[in-house]
Amino acid sequence: MAQPTAQPPGDPCHGGRSCPMRLPAAPERARPCPGSAVFVTMMPDQITGSLADRAADIALRGLIGSARRLPYGARVRLMGAALARGIAPLAGYRRRAETHLALIYPAMPPAERRRLAHACCDNFGRTLIENYSWRDFAAHLSDTRPSGPGVAALAQAAADKRPVIFATGHFGNHEAPRQVLTRLGYDIGGLYRPMQNAFFNAHYARTMTSWGGPVFAQGRQGTMGFVRHLRGGGMGTLLFDVAANGPAIPFLGQPAHTATSIADIARRTDALVIPYYGLRQPDGLSFAIVLDAPIETGPPLAMMRALTASLERQIAANPAQWFWVHRRWKPRAAA
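Our numbering applies: residue 27 is where the sequence shown begins, and numbers increase by one.
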């Protein structure tokens with residue numbers, strides 16, 4: 027989805043020989059699924075990239091590995107603080123988030139923009155380690171139940187064996203709904219965008235494909251596999267709040283180029299489109315899982331406007347939980 031996610035059985039520091047500074051000895055192939063593309067995970071000596079990319083990956087693996095040695099709650103809080111107070115200022119993420127907040131909320135006091143930018147980066151750090159701790163994350167969500175008008179629609183679609191596309195954004199933890207619905211028996215796959223850093227992507231891809239339904243790397247082959255999965259009555263998640271080639275649709279009051287992929291695929295496969303969200307709760311560890319009302323099938327532009335409006339409502343209620351670091355508002359679509 028453009029970035030749907032998942033997590034790894036062989037993730038960094040999950041026992042055995044995987045230590046924070048070691049590239050995980052990934053199998054040559056991850057598990058295939060019927061009618062899907064086969065996931066290939068490169069061995070470390072097959073990966074190419076710059077020394078800077080390798081150094082950044084080693085540092086991030088070390089941070090993730092060290093955090094995973096802590097109890098779950100402390101681990102999540104530590105990664106939130108590490109991202110918000112350490113990495114985000116150095117990488118320019120916090121400054122970029124403040125710039126985007128100023129674009130959307132020009133009357134907002136600078137102190138409030140700083141607070142929201144800090145909270146956004148904290149949420150990003152928490153989300154990262156939650157998704158790399160997928161077994162613990164699933165256990166923490168074991169008593170969580172979904173709510174919202176989309177719950178009944180999902181049950182009906184499952185009974186009818188109708189394909190379902192879950193549409194979401196980089197809000198709260200976008201993997202939390204998939205975790206909860208997977209526990210309830212739904213087999214949900216997705217489409218994700220590979221990371222530019224090939225060293226990081228080696229374990230990120232494993233993370234993406236380790237639980238739930240089939241998850242495909244973005245691209246022609248991956249999209250074809252995702253469509254075949256849906257045509258077989260499957261379910262999958264797509265994230266739509268990234269800059270892409272497509273029409274400029276107002277998002278939080280500013281034009282944002284938006285891919286119509288979700289609408290196009292839904293129309294081709296007769297899939298029901300349900301927006302869903304994992305809303306982080308005040309304790310910083312728990313989630314409310316919200317399934318919004320299904321999007322009416324129609325012209326792609328109208329469907330994407332409706333999806334955008336759904337995400338906007340979530341952001342308006344909880345602005346600190348959206349990923350303001352995204353370069354969402356570009357003068358023209360990304361190449």
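Backbone N, C-alpha and C define an ideal beta-carbon position, used for all residues, glycine too.
Here's the rule I'm using: 16 or more other beta-carbon atoms within 10 Å means buried, otherwise exposed. How should residue i be labelled?
i	result
GLY239	buried
GLN347	buried
THR74	exposed
GLU138	exposed
GLU156	buried
GLY99	exposed
GLY118	exposed
ASN149	buried
ALA85	exposed
ARG57	Confidence at ARG57 is low in this model, with a pLDDT of 36, below 50, so the placement of that residue is unreliable and no value is reported for it.
GLN280	exposed
ARG95	exposed
GLN340	buried
LEU109	buried
Does residue i come out as helix, strand or coil in the three-state DSSP assignment?
i	result
PRO301	strand
PRO53	With a pLDDT of 28 at PRO53, under the threshold of 50, the modelled position of this residue cannot be trusted, and the question is left open.
SER173	strand
GLY260	coil
ALA319	coil
GLN280	strand
ALA243	strand
ALA314	strand
ALA270	coil
LEU89	helix
Determine the extent of the alpha helix (DSSP H) in which residue i is found, giving its start and end residues.
i	result
PHE266	Neither: PHE266 is in no alpha helix (DSSP H) and is coded neither H nor E.
ILE341	326 to 343
PHE163	160 to 166
HIS352	From DSSP, HIS352 is part of no alpha helix (DSSP H); its letter is neither H nor E.
SER287	287 to 295
According to the Cβ coordinates, are residue i and residue j closer than 8 angstroms?
i	j	result
THR194	HIS200	yes
LEU298	ALA179	yes
Go to residue i, then tell me how far its beta strand (DSSP E) extends in each direction, as first and last residue.
i	result
LEU256	Note, LEU256: premise wrong, no beta strand (DSSP E); alpha helix (DSSP H) at 246 to 257.
Return yes when the C-beta of residue i is under 7 angstroms from any heavy atom of the ligand NAP, and no when it is not.
i	result
ALA328	Absence of the ligand NAP from the depicted structure is noted, as is the absence of any ligand whatsoever, leaving it without description.
Check your understanding: Which parts of the stretch 180 to 222 are runs of the alpha helix (DSSP H), unbroken and 4 residues or longer, counting only runs that do not cross its ends?
Key -> 202 to 209
Exercise for review: Output the residue ranges of the alpha helix (DSSP H) runs that lie fully inside the stretch 95 to 149 and measure 4 residues or longer, sorted by chain position.
Suggested key: 98 to 107, 114 to 117, 119 to 130
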